[in-house]
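J.: Numbering (our numbering), first residue to last: 9 to 145. Ideal Cβ placement from N, Cα and C applies to all residues, glycine included. Nothing here was measured: the structure is a model prediction, and the numbers come from that model. Quick one: the structure is below, and I'll ask about it shortly.
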């Protein structure tokens, strides 16, 4: 893990839910969304929400918000990540395999002046099935 991106996934999902009158509880998010993987449908069921929107559409909206965070430079690499990437890339050909879109990963790396250090980036579009299915990794 090179970037501290999970808080921005929370912010993006929360922004989308707030469009429909519901605010995510941050403590609950960390348990229900990241640990248990319940996601949008789990949130709707847990709170018996009547949002009048398809969860698939909400997920698409979340991707748009999250991409905005990636492009803006708000999502930073961890402090030692650049040094580690530079050190490893001097003797190894590096790659990233991630559950995020490759374009979002490129935005984050570009904003950190590290895009040229990692020539291979495989995002969620490279896999047949998303997390938590391990075949991608």
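#1: Given a cut-off of 9 Å on the beta-carbon distance, is the pair residue 120 and residue 96 in contact?
#2: Given a threshold of 16 other Cβ atoms within 10 Å of its Cβ, counted over all protein chains shown, does residue 9 qualify as buried or as exposed?
#3: Enumerated in chain order, which unbroken segments of the beta strand (DSSP E) with a length of 3 residues or greater are wholly contained in the stretch 26-109?
#4: Using a threshold of 9 Å, state whether the C-beta atoms of residue 17 and residue 74 are closer than that.
#5: Count the other CB atoms within 10 Å of the CB of residue 100; is the residue buried (16 or more) or exposed (fewer)?
#6: Buried or exposed, going by whether 16 or more other CB atoms sit within 10 Å of the CB of residue 48?
#7: Please tell me whether residue 116 and residue 20 are closer than 9 Å, where the distance is taken between their beta carbons.
T.: From the atom records:
#1: no
#2: exposed
#3: 103-105
#4: yes
#5: exposed
#6: buried
#7: no
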